[in-house]
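Participant:
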Amino acid sequence: MHGNPMPDSYVYVTEEGVTRHYADGSVEALAWEDVVEVRVVTEAGEDVLYILLDRDGEGCVVPRSATDATFLARLRYLPDFDLDRLALAADSTGDGVVVVWRSPDPPSALPDLEYD
Numbered sequence: 008m009h010g011n012p013m014p015d016s017y018v019y020v021t022e023e024g025v026t027r028h029y030a031d032g033s034v035e036a037l038a039w040e041d042v043v044e045v046r047v048v049t050e051a052g053e054d055v056l057y058i059l060l061d062r063d064g065e066g067c068v069v070p071r072s073a074t075d076a077t078f079l080a081r082l083r084y085l086p087d088f089d090l091d092r093l094a095l096a097a098d099s100t101g102d103g104v105v106v107v108w109r110s111p112d113p114p115s116a117l118p119d120l121e122y123d
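Residues 8 to 123 (the numbering used here) make up the sequence shown, in order.
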């Protein structure tokens with residue numbers, strides 16, 4: 008069989024929210040109005056991950072390789088979102104997790120998350 012292999016996931020960005028579909032059929036989705044925190048996860052040799060979280064710590068993991076101008080443009084609608092801060096975190100050479108944006112009315116605490 009020829010052609011490109013099926014991607015392990017794909018991401019849809021709309022005015023309402025972001026949705027990630029995995030090859031196994033599972034789905035993560037989050038409405039923009041529910042986003043209270045954006046994190047960037049970097050790990051040497053791995054794709055950069057953007058993590059969008061809601062008040063309960065649930066959210067959507069978006070690989071940088073699956074983003075486009077639509078995703079970045081939509082992030083700018085979050086109050087006081089700084090695309091330069093996002094870019095700096097995503098281009099970091101170190102391994103880690105950086106919170107690049109929090110809602111002006113954040114929940115008291117969001118859980119620390121483990122990433123596969």
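Beta carbons: idealized from backbone N, C-alpha and C, even for Gly. Small disclaimer: the values here were computed from a predicted structure and weren't measured.
In chain order, what residues of the same chain lie with their CB nearer than 6 Å to the CB of Asp89, ignoring the 5 residues before and after it?
Facilitator: The sequence position of residue 89 within the sequence shown is 82, counting from 1. Result list for Asp89: empty, nothing under 6 Å.
Participant: Based on Cα-Cα distance, which residue from Tyr29, Gly24, Ala38 lies nearest to Tyr17?
Facilitator: If you number the sequence shown from 1, residue 17 lands on position 10. Cα-wise, what sits closest to Tyr17 is Tyr29.
Participant: Going along the chain, which residues of its own chain have a beta-carbon closer than 6 Å to the beta-carbon of Glu35, five neighbours each way excluded?
Facilitator: As a first step, residue 35 is located in the sequence shown; it is residue number 28 there, counting from the start. Hits under 6 Å: Arg27, Cys67.
Participant: Would you report the Cα separation of Trp39 and Asp15, rounded to the nearest angstrom?
Facilitator: Looking up residue 39 in the sequence shown gives position 32. Looking up residue 15 in the sequence shown gives position 8. Computed Cα separation, rounded: 24 Å.
Participant: Name the DSSP bridge partner or partners of Arg27?
Facilitator: To locate residue 27, count along the sequence shown from 1; it is residue 20. Partner(s): Val18, Glu35.
Participant: Have a look at Glu44 and Ser33 and give me their C-alpha separation to the nearest angstrom.
Facilitator: For the purposes of this step, residue 44 is taken as residue 37 along the sequence shown, with counting starting at 1. For the purposes of this step, residue 33 is taken as residue 26 along the sequence shown, with counting starting at 1. Between Glu44 and Ser33, the C-alpha separation is close to 22 Å.
Participant: Which two residues bound the contiguous alpha helix (DSSP H) that contains Arg81?
Facilitator: Within the sequence shown, numbered from 1, the residue matching residue 81 stands at position 74. Element bounds for Arg81: 76 to 82.
Participant: Quick one: Cα of Ala6 to Cα of Val106, how far?
Facilitator: The structure shown does not extend to residue 6, since the chain spans only 8 to 123, so no value can be given for it.
Participant: Looking at C-alpha atoms only, which residue of Pro86, Arg92, Arg81 is the closest neighbour of Gly24?
Facilitator: As a first step, residue 24 is located in the sequence shown; it is residue number 17 there, counting from the start. It is Arg81.
Participant: Work out the CA separation of Asp31 and Ala93 for me, nearest whole Å.
Facilitator: Taking the first residue of the sequence shown as position 1, residue 93 is located at position 86. Taking the first residue of the sequence shown as position 1, residue 31 is located at position 24. Note that residue 93 corresponds to Leu in the displayed sequence, not to Ala. Distance between the alpha carbons of Leu93 and Asp31: 29 Å.
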